[in-house]
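What follows is a short report on a single structure.
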Amino acid sequence: MNVVISEGFQRGLKALSKEDRRHALDAIGKLIESPNLHAGGLQMKKMKVADVYEIRASLELRIIASRKGEDILCVRVGRHDETLKAGETGRLGAVPDAEHLRALVAETDAALVDEAAAQAEFVRTRDTGPLAAFSDADLQARFGVPTDWIPALRSLRTEEQFAGQDLERVLSEAAWYELATLFPPTPIVSTGAAPTYRVPTLDIAQAFAAGTIDDLEFNLPASSWAVVERSRRGPIFVRGGPGSGKSLLGLYRALHALDRPPTIDRPTPRVLYVTFTRALADDTREKVKLLRGGQPDGLEISTIDRLVEHFAAPGRTTTYEEKTIADAWHAVVASSESAGRFDEKFARSEIEDVIIARGLRTLDDYLGVSRTGRSRRLAQSDRRAIWSIYERWEASLGERSLRTLGLARIAALDAVNALDDADRYDLVVVDEVQDLTTTALGVAIGLARGTGPGRDVTLIGDGGQSIYRAGFKWADVGVRLGGGNVVTLATCERSSLEIMRFAAALTGRQPDEHDEDTSLPRVDPQGAQRPRVRRYFADREDQRAWLVDDLRLRLKEIAPRRIAVIARTRAELERVREALTAAKVPCIDFGDAEFHRRDAVRCITAHSAKGLEFGDVYIVGADDGAFPLAYPDASDDERAEKIGIDARLLYVAVTRARERITVLCGSRPSPFLAPALAFADVSNA
1 MNVVISEGFQ
11 RGLKALSKED
21 RRHALDAIGK
31 LIESPNLHAG
41 GLQMKKMKVA
51 DVYEIRASLE
61 LRIIASRKGE
71 DILCVRVGRH
81 DETLKAGETG
91 RLGAVPDAEH
101 LRALVAETDA
111 ALVDEAAAQA
121 EFVRTRDTGP
131 LAAFSDADLQ
141 ARFGVPTDWI
151 PALRSLRTEE
161 QFAGQDLERV
171 LSEAAWYELA
181 TLFPPTPIVS
191 TGAAPTYRVP
201 TLDIAQAFAA
211 GTIDDLEFNL
221 PASSWAVVER
231 SRRGPIFVRG
241 GPGSGKSLLG
251 LYRALHALDR
261 PPTIDRPTPR
271 VLYVTFTRAL
281 ADDTREKVKL
291 LRGGQPDGLE
301 ISTIDRLVEH
311 FAAPGRTTTY
321 EEKTIADAWH
331 AVVASSESAG
341 RFDEKFARSE
351 IEDVIIARGL
361 RTLDDYLGVS
371 RTGRSRRLAQ
381 SDRRAIWSIY
391 ERWEASLGER
401 SLRTLGLARI
411 AALDAVNALD
421 DADRYDLVVV
431 DEVQDLTTTA
441 LGVAIGLARG
451 TGPGRDVTLI
461 GDGGQSIYRA
471 GFKWADVGVR
481 LGGGNVVTLA
491 TCERSSLEIM
501 RFAAALTGRQ
511 PDEHDEDTSL
521 PRVDPQGAQR
531 PRVRRYFADR
541 EDQRAWLVDD
551 LRLRLKEIAP
561 RRIAVIARTR
571 AELERVREAL
581 TAAKVPCIDF
591 GDAEFHRRDA
601 VRCITAHSAK
611 GLEFGDVYIV
621 GADDGAFPLA
631 YPDASDDERA
641 EKIGIDARLL
651 YVAVTRARER
661 ITVLCGSRPS
671 PFLAPALAFA
681 DVSNA
């Protein structure tokens, strides 16, 4: 039985006592596990409204649900009299129940009609196929299809079948894309017209009832489950704004892949889930433990840099010390024939952000590469001079058995490309792709079995949250997107509308329901608070004192683990943690091994907060000089780029909040806050 819950049901659950919540979730557990409605002693009674049932969760507790085939939609939970009255009158939530059910039935029926039409179209075209309008000569001349491939190509009927072929070996990229559009995509059908969430396992229901997870946060919208369970193999790009559920979708897709039927050469599927930061990797592991009761066989969770260190050739140590790297750089530049020809910062940026980040191996590669986005054009002679500096700098590091992280990524990419297919993974899921360089992303994608469109990779990203320079193109990493393999999650499942309006204003724009690049909340929770901005504190010490007092009040209402304090720098975060510890406010640093398990206020930097979410968020030190930092030695172009990154970093920090956001700043507030103050509750310290 597939169990789906509405947002009204979820709000009802939150209003129950812990004991009643346990009874309600026990009933849902029986629905999940039972092949029929009355197994396990579950008591259900038909109501007057079509397809609506009363489910008895306890002596006084009732659940109202509708049934359509093997799907149960739970729409209301509460005390006996009130809930039954709502069920009998047909008013079960924010919209009339009858309207809700008619929409659900209409969508389901429409899906069946669409499926029947698709089947009829398949029968009609089974002797002709999508390429019936093209002769063999057309396929050869227009698309470059080799003669011996034409019969197999004509036998294909769907975009999924087309993507599963090895056609990238024989077709140009443009021809592959054009042909892909001729094949109909597999339809994705939502299981509900209104916002719904599916309870994936009984463990999740019990964890929510016990209070170890909040707000059924592990549940995806029903429409996302179609992507999770999609049988098609090959590249999928899932894009969406903060709180859209894209990372959770990727995790569930990874877990779903573990349940694929075994094959002769792979009795247990191997799945790799790649994250950008260690904090997010740890958070993912904790979610997996709750979902599966431990680390399942076949699943590996890793940061991209851990993978790089594993695969990079031994013999060199990756150094992160800027002084070591800079000393080698200055020594090379000072002795170079091109000394004084280039600004040192520009030349180093060219080497790190173009040559190394894109994994260019030869001078010819560099001479031919497009430098899109670079502020200065370079003649071929300039490129030759910079390449010479690069070779000498790399050799200088090598003499001391050192390499930068960028050089380690190139070495790892070479090692991954040399792997046998048997040593690769059946599915690779890569989160936060917008922050990866071409080489880093190439390492992750290269670990998937197959080649080109045959690689089973799920890529997840949001350009609006990019805080590192990457600038790759999909073609650079062998990925072709088109023909139905791009999924847009256009609805925020995390934050209230008040928070999202405030966050959007930080970037100088407002969310619009028709803008697919902006995440909007599905509903505006009743009573949601406007973001709080407290400004003109005398100094950071005053900010921390106010924070302590406000946290003490808030901790009387919610558990410490639901609160995060975010700072721009590690140094400021340490001072916050010291203040909280002195005030006996339970807190834990994001570097602590117990960060995701101990019931304490989370202290975390804005960079490390990416991908995480919390009930309440406090941002301390939102001043000019922190958001953005000063960058006194940067050029105008560099400063503009860094300031843009800092703006997105503040946006990321704000959008970690589900329910409440508080921003603290001094006498010189961050300039990013100015356009957002109209959407906030502003007061002076």
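Here my numbering is used: the first residue of the sequence shown is 1, the next is one more, and so on. Each residue gets a CB set at the ideal place from its N, CA and C atoms; glycine is no exception. Model, not experiment: these values are computed from the prediction.
Exercise. Report all residues from its chain with a CB closer than 7 Å to the CB of TYR425; omit the five preceding and five following residues, and keep chain order.
Key: For this step, residue 425 is matched to residue 425 along the sequence shown. Answer for TYR425: ARG270, VAL271, LEU272, LEU447, ALA448, ARG449, listed in chain order.
Practice problem: Could you tell me whether the Cβ atoms of PRO628 and LYS610 are closer together than 8 Å? | Solution: Numbered from its first residue, the sequence shown carries residue 628 at position 628. Numbered from its first residue, the sequence shown carries residue 610 at position 610. Taking 8 Å as the Cβ cut-off, PRO628 and LYS610 do not qualify as a contacting pair.
Practice problem: Please classify PRO671: does DSSP put it in a helix, a strand, or coil? | Solution: Here residue 671 corresponds to residue number 671 of the sequence shown, with the count starting at 1. Reduced to three states, the DSSP call for PRO671 is helix.
Quiz item: Quick one: what does DSSP say ASP343 is sitting in, helix, strand or coil?
Solution: Along the sequence shown, one-based indexing puts residue 343 at 343. Looking at ASP343 - three-state DSSP - the assignment turns out to be coil, as it is neither helix nor strand.
Self-check item: Where THR438 falls: helix, strand or coil (DSSP)
Solution: Indexing the sequence shown from 1 puts residue 438 at position 438. Helix.
Quiz item: Roughly how many angstroms lie between the CA atoms of LYS246 and HIS596, to the nearest whole one?
Solution: Counting from 1 along the sequence shown, the entry for residue 246 is found at position 246. Counting from 1 along the sequence shown, the entry for residue 596 is found at position 596. Taking the straight line joining both Cα atoms gives about 20 Å.
Self-check item: Residue environment, HIS23, which counts as buried when at least 16 other CB atoms sit within 10 Å
Solution: As a working note, residue 23 is residue 23 in the sequence shown. Buried, since its Cβ has 16 or more Cβ neighbours within 10 Å.
Quiz prompt | beta strand (DSSP E) segment containing GLY368, residue limits | solution = Walking along the sequence shown from the start, residue 368 turns up at place 368. Where GLY368 is concerned, there is no enclosing beta strand (DSSP E), although the alpha helix (DSSP H) it sits in stretches over 363-368.
Practice problem: Rank PHE311, ASP343, VAL443 by C-alpha distance to the C-alpha of ASP633 and give the top, closest one. | Solution: As a working mapping, residue 633 is identified with position 633 in the sequence shown. Residue ASP343 is the option with its Cα nearest to ASP633.
Quiz prompt | Reduced DSSP secondary structure (H/G/I, E/B, other) of PHE502 | solution = If you number the sequence shown from 1, residue 502 lands on position 502. The answer is helix: DSSP assigns PHE502 an H, G or I state.
Quiz item: Can you pull the DSSP bridge partners for PRO130?
Solution: Along the sequence shown, read from residue 1 onward, the residue named residue 130 stands at position 130. PRO130 is not bridged to any residue.
Quiz item: Under three-state DSSP, which class holds LEU171?
Solution: The sequence position of residue 171 within the sequence shown is 171, counting from 1. LEU171: coil per DSSP, three-state reduction.
Exercise. Compare the C-alpha of TYR651 against each of ASP636, SER635, SER670 and name the closest.
Key: As a working mapping, residue 651 is identified with position 651 in the sequence shown. Considering only alpha carbons, the answer is SER670.
Self-check item: Per DSSP, the bridge partner or partners of LEU664
Solution: For this step, residue 664 is matched to residue 664 along the sequence shown. DSSP lists ARG534 as partners of LEU664.
Exercise. Give the DSSP bridge partners of LEU272, in chain order.
Key: To locate residue 272, count along the sequence shown from 1; it is residue 272. Note: LEU272 sits in a beta bridge opposite GLU300, VAL428.
Quiz item: To which residues of the same chain is ARG358 closer than 6 Å at the C-beta, ignoring the five residues directly before and after it?
Solution: Along the sequence shown, read from residue 1 onward, the residue named residue 358 stands at position 358. These residues qualify, in order along the chain: THR438.
Practice problem: Between the Cα of ARG455 and those of LYS30, LEU84, ILE236, PRO675, spot the shortest distance and give me the residue it belongs to. | Solution: Stepping through the sequence shown from its first residue, residue 455 is reached at position 455. The shortest C-alpha separation from ARG455 is found at ILE236.
Practice problem: For ALA257, name the three-state secondary structure that DSSP assigns. | Solution: Numbered from its first residue, the sequence shown carries residue 257 at position 257. In the structure shown, ALA257 sits in a helix (DSSP, three-state: H, G or I).
Quiz item: Looking only at DSSP bridge pairs, what is VAL486 linked to?
Solution: Numbered from its first residue, the sequence shown carries residue 486 at position 486. Beta-bridge pairing links VAL486 to PHE237.
Quiz item: By a C-beta neighbour count over all protein chains shown, 10 Å radius and 16 as the cutoff for buried, is GLY315 buried or exposed?
Solution: Working through the sequence shown from its first residue, we reach residue 315 at position 315. Exposed: under 16 other Cβ atoms inside 10 Å.
Exercise. Report yes or no: do three or more beta-carbon pairs, one from the region 306-321 and one from the region 387-403, lie closer than 8 Å?
Key: yes
Practice problem: Just mark ALA475 as buried or exposed, buried being the case when its beta carbon has 16 or more other beta carbons within 10 Å. | Solution: Translated into positions along the sequence shown, residue 475 becomes position 475. Under this definition ALA475 is an exposed residue.
Quiz item: Which residue from ARG253, ASN219, LEU25, LEU506 puts its Cα closest to that of SER231?
Solution: In the sequence shown, counting from the first residue as 1, residue 231 sits at position 231. Of the listed residues, the one whose Cα sits closest to SER231 is ARG253.
Quiz item: Of all the alpha helix (DSSP H) runs that stay within the bounds of the region 16-88, which reach a length of 4 or more residues?
Solution: 18-33
Self-check item: Nonlocal neighbours in the same chain, by C-beta distance under 7 Å from ARG570, ignoring five residues either side
Solution: By 1-based counting over the sequence shown, the position of residue 570 is 570. Cβ neighbours of ARG570 beyond the five flanking positions: THR605.
Quiz prompt | Residue interval of the beta strand (DSSP E) (run including ASN417) | solution = The sequence position of residue 417 within the sequence shown is 417, counting from 1. No beta strand (DSSP E) holds ASN417; the alpha helix (DSSP H) holding it covers 405-417.
Quiz item: For ALA175, which residues of its own chain have a beta-carbon under 6 Å away from its beta-carbon, when the five flanking residues on both sides are left out?
Solution: Sequence index remark: in the sequence shown, residue 175 carries index 175 (1-based). The residues are PHE143, GLY144.
Quiz prompt | Reduced DSSP secondary structure (H/G/I, E/B, other) of ALA678 | solution = Within the sequence shown, numbered from 1, the residue matching residue 678 stands at position 678. Three-state result, ALA678: helix.
Quiz item: At least one CB of chain C closer than 8 Å to the CB of GLY625: is that the case?
Solution: Of the protein chains in the structure, only one exists, and it is not chain C.
Quiz prompt | Three-way DSSP call (helix, strand, coil) for SER608 in this model | solution = As a first step, residue 608 is located in the sequence shown; it is residue number 608 there, counting from the start. Note: SER608 maps to coil in three-state DSSP.
Quiz item: Whose C-beta lies closer than 8 Å to the C-beta of THR147 among residues of the same chain, with five residues either side of it excluded?
Solution: Looking up residue 147 in the sequence shown gives position 147. Excluding residues within five positions, the ones whose Cβ falls inside 8 Å are ASP136, GLN140.
Exercise. Determine the DSSP secondary structure at VAL4, reduced to helix, strand or coil.
Key: Taking the sequence shown and counting its residues from 1, the one referred to as residue 4 is at position 4. Strand at VAL4.
Quiz item: Along the chain, where does the beta strand (DSSP E) that runs through ALA567 open and close?
Solution: On the sequence shown, residue 567 is found 567 positions in, with the first residue counted as 1. Start and end: 563-567.
Quiz prompt | Expected contact under 8 Å - CB spacing of GLY250 and ASP431 to nearest Å | solution = The count along the sequence shown starts at 1 and reaches residue 250 at position 250. The count along the sequence shown starts at 1 and reaches residue 431 at position 431. That pair is a contact at about 6 Å.
Quiz item: Would the region 575-592 and the region 544-561 be scored as touching if the rule is three or more Cβ pairs under 8 Å?
Solution: yes
Exercise. Would you grab the beta carbon distance between PHE672 and ALA647 for me? Rounded to a whole angstrom, and I think it's under 8 Å.
Key: Reading the sequence shown from its first residue, position 672 is the one you call residue 672. Reading the sequence shown from its first residue, position 647 is the one you call residue 647. 5 Å between Cβ atoms; contact.
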